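Participant: Residue numbers (the numbering used here): 910 to 1309.
Note that the Cβ used here is the ideal one computed from N, Cα and C, for glycine as well.
Everything numeric in this text was worked out from a predicted model, so none of it was measured.
Please see the structure below; I have some questions.
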Ligand code: SAH
């Protein structure tokens, strides 16, 4: 038996051809599954009966099963899915009052990047998700919506590093953005990456219009090496060069994500250094006050500290948003729900790249000490300008 969603789109057409069926049947099948939310071949009433049973003999549509569904008061819903090999992943539906219906999906079981404040990486990487498993998350989330509603946006910000699973991700997004597929506009897809330069360049060359978000979290390599161990073999310079290439190739402004962690990367010196690093680039900084993870020692800064950080970035000429937290009641930080339920399952074959010790104070000082504030630079603007419009319309929310 094969996973039908792994076969979209061309391979299914050849399979149909071998059975003397016209290619348009592939479109019909896609319509039933992606648009009409049908789960069984038997229900695909415009297909010949014999074809329906041939399909049922060869394919399954779902390889995952819904283990739990949590809903927060703000409409955010989080699903825990169990895959065929009993691994578990999370995906989230975000609703807002602008009728955006955003799917947040995972790309890997676990994560190998080892970011020190992130729940997903605590057990290391288990495996990549297949194209079908990526699409299934979208289908599960789509089916939470009432008949008249559809998914409008995708954020690839769940568990895992998307650019480490780029082939499967591109295949799944091709179906998601196809007008014959889920019909979600490519410009409404955001891929969030830890910053793998080769992957960013590949994405730039892929001829797609996806929005790229880079998880920076620190203004210099000394601090970033501590917070994001994957940085040690890469460095901020190479990431920014790849990001500049992405912007030049696609014309799409890059978002830099920055998780604010109390006493670690939230000081005025960090804000000034970040502004200096990004000055002159068409960029948006998305500040994310840390979503605390119970196993980890890091804390969320006080609101006044966040405001000060915003103000300093704006003074430094940088567009900035603070990302609203959604779904706090439902353990919406990536990987949290999976971790809580995972005591009963085995996982984490490849350990995290770092010990998970708290960041030592000396590194905090080092980042501050190396940075010099340059007063008197031109102040360009405000945090009101963002992806295509005013701040109210533009903030995209995500579950972190
Ligand atoms: N590997 C991708 C996707 C990770 S999740 C990446 O690094 O971008 C999406 C975002 O959530 C990333 O910016 C990640 O650093 C952030 N994140 C992870 N754990 C978090 C936490 N506990 N609180 C706030 N943001 C977190």
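Give the range of the beta strand (DSSP E) segment to which residue 989 is assigned.
Facilitator: Per DSSP, residue 989 belongs to the beta strand (DSSP E) from 986-991.
Participant: Ignore the nearest five residues each way along the sequence and tell me which others in residue 1156's own chain have a CB closer than 6 Å to its CB.
Facilitator: Excluding residues within five positions, the ones whose Cβ falls inside 6 Å are 1163.
Participant: Rounded to a whole number of angstroms, what is the C-alpha to C-alpha distance between residue 1141 and residue 1130?
Facilitator: Answer to the nearest angstrom: the Cα atoms are 8 Å apart.
Participant: For residue 916 and residue 1216, what's the separation of their Cα atoms in angstroms?
Facilitator: About 48 Å.
Participant: Alpha carbon to alpha carbon, what distance is there between residue 927 and residue 980?
Facilitator: Roughly 45 Å between the two C-alpha positions.
Participant: Once DSSP output is grouped into helix, strand and coil, what is the label at residue 1013?
Facilitator: Three-state result, residue 1013: strand.
Participant: Pick out whichever of 1116, 1104, 1225 has its Cα sitting closest to the Cα of residue 1138.
Facilitator: The candidate whose alpha carbon is nearest that of residue 1138 is 1104.
Participant: Round the Cβ separation of residue 1222 and residue 1184 to the nearest angstrom and send it over; I've been treating them as touching at under 8 Å.
Facilitator: Their Cβ separation, rounded to whole angstroms, is 5 Å, which keeps residue 1222 and residue 1184 in contact under 8 Å.
Participant: Roughly how many angstroms lie between the CA atoms of residue 1030 and residue 1132, to the nearest whole one?
Facilitator: Near 18 Å, if we compare the C-alpha coordinates of residue 1132 and residue 1030.
Participant: Do residue 993 and residue 1003 come within 9 Å of each other at the CB atom, strictly closer than that value?
Facilitator: Result no, Cβ atoms of residue 1003 and residue 993 do not sit closer than 9 Å.
Participant: Nearest to residue 986 by CA position, among 1047, 1210, 948, is which residue?
Facilitator: Checked all of 1047, 1210, 948; the closest Cα to residue 986 is 1047.
Participant: I need the boundaries of the beta strand (DSSP E) containing residue 1155, first residue and last residue.
Facilitator: Looking at the DSSP string, residue 1155 is not in any beta strand (DSSP E); the run it does join, the alpha helix (DSSP H), is 1145-1159.
Participant: Taking 7 Å as the limit between beta carbons, can you name the residues of its chain near residue 1117, skipping five residues before and five after?
Facilitator: Cβ neighbours of residue 1117 beyond the five flanking positions: 1095.
Participant: Does the separation of the CB atoms of residue 1092 and residue 1018 fall below 9 Å?
Facilitator: Cβ atoms of residue 1092 and residue 1018: not closer than 9 Å.
Participant: Which of helix, strand or coil does DSSP assign to residue 922?
Facilitator: Residue state, collapsed to three classes: helix.
Participant: Answer yes or no: the CB of residue 1192 versus the heavy atoms of the ligand SAH, is any distance below 8 Å?
Facilitator: Residue 1192 Cβ: outside cutoff for every heavy atom of the ligand SAH.
Participant: Please find out if some non-hydrogen atom of the ligand SAH comes closer than 8 Å to the beta-carbon of residue 1142.
Facilitator: Residue 1142 Cβ: outside cutoff for every heavy atom of the ligand SAH.
Participant: Around the C-beta of residue 1015, are 16 or more other C-beta atoms found within 10 angstroms, so that it is buried, or is it exposed?
Facilitator: The residue is buried, with at least 16 neighbouring Cβ atoms inside 10 Å.
Participant: Looking at residue 998 and residue 913, is the spacing between their C-beta atoms short of 9 Å?
Facilitator: Cβ atoms of residue 913 and residue 998: not closer than 9 Å.
Participant: Leaving out five residues on either side along the sequence, give the residues of the same chain with a beta carbon under 6 Å from the beta carbon of residue 965.
Facilitator: Within the same chain, residue 965 has close Cβ partners 950.
Participant: Quickly, what does DSSP pair residue 977 with across the bridge? List them, please.
Facilitator: Per DSSP, 989.
Participant: Quick check on this structure: which residue in 1170, 1028, 1040, 1079 has the alpha carbon closest to the alpha carbon of residue 901?
Facilitator: Past the edges of the chain, shown from 910 to 1309, lies residue 901, and the structure says nothing about it.
Participant: What are the start and end residues of the alpha helix (DSSP H) that includes residue 1182?
Facilitator: 1177-1187 is the span of the alpha helix (DSSP H), which, as asked, contains residue 1182.
Participant: In terms of residues, what are the limits of the beta strand (DSSP E) holding residue 1003?
Facilitator: Looking at the DSSP string, the run of the beta strand (DSSP E) that includes residue 1003 is 997-1004.
Participant: So who's on the other strand from residue 911, going by DSSP bridges?
Facilitator: Answer is 968, bridged to residue 911.
Participant: Alpha carbon to alpha carbon, what distance is there between residue 953 and residue 947?
Facilitator: Roughly 8 Å separates the two Cα atoms.
Participant: Over what stretch of residues does the alpha helix (DSSP H) that includes residue 1106 continue unbroken?
Facilitator: It spans 1106-1114 - the alpha helix (DSSP H) in which residue 1106 sits, taken as one unbroken run.
Participant: Quick one: residues in its chain with C-beta nearer than 6 Å to the C-beta of residue 1136, no 5 flanking neighbours on either side, listed in chain order?
Facilitator: Counting only Cβ-Cβ distances below 6 Å, and skipping sequence neighbours, we find 1025, 1126, 1127.
Participant: Excluding five sequence neighbours on each side, which residues of the same chain lie with their C-beta closer than 8 Å to the C-beta of residue 936?
Facilitator: Closer than 8 Å at Cβ, skipping near neighbours: 1089.
Participant: Which residue comes first and which comes last in the alpha helix (DSSP H) that contains residue 1215?
Facilitator: Its alpha helix (DSSP H) spans residues 1212-1224.
Participant: For residue 1020, which residues from the same chain have a beta carbon less than 8 Å from its beta carbon, with the 5 sequence-adjacent residues on both sides left out?
Facilitator: Hits under 8 Å: 1027, 1029, 1030, 1033, 1034, 1068, 1069, 1070, 1244.
Participant: Comparing the CB of residue 1022 with every heavy atom of the ligand FMN, is any distance shorter than 8 Å?
Facilitator: By its list of ligands, the structure shown excludes the ligand FMN, since it contains just the ligand SAH.
Participant: Of the choices 1073, 1008, 1044, whose alpha-carbon is the least far from that of residue 1061?
Facilitator: Nearest option by C-alpha distance: 1008.
Participant: Would you say the beta carbon of residue 1066 is closer than 8 Å to some non-hydrogen atom of the ligand SAH?
Facilitator: Yes, the Cβ of residue 1066 comes within 8 Å of a heavy atom of the ligand SAH.
Participant: May I ask you to list the residues that DSSP assigns as paired with residue 1102?
Facilitator: BP columns for residue 1102 point to 1123.
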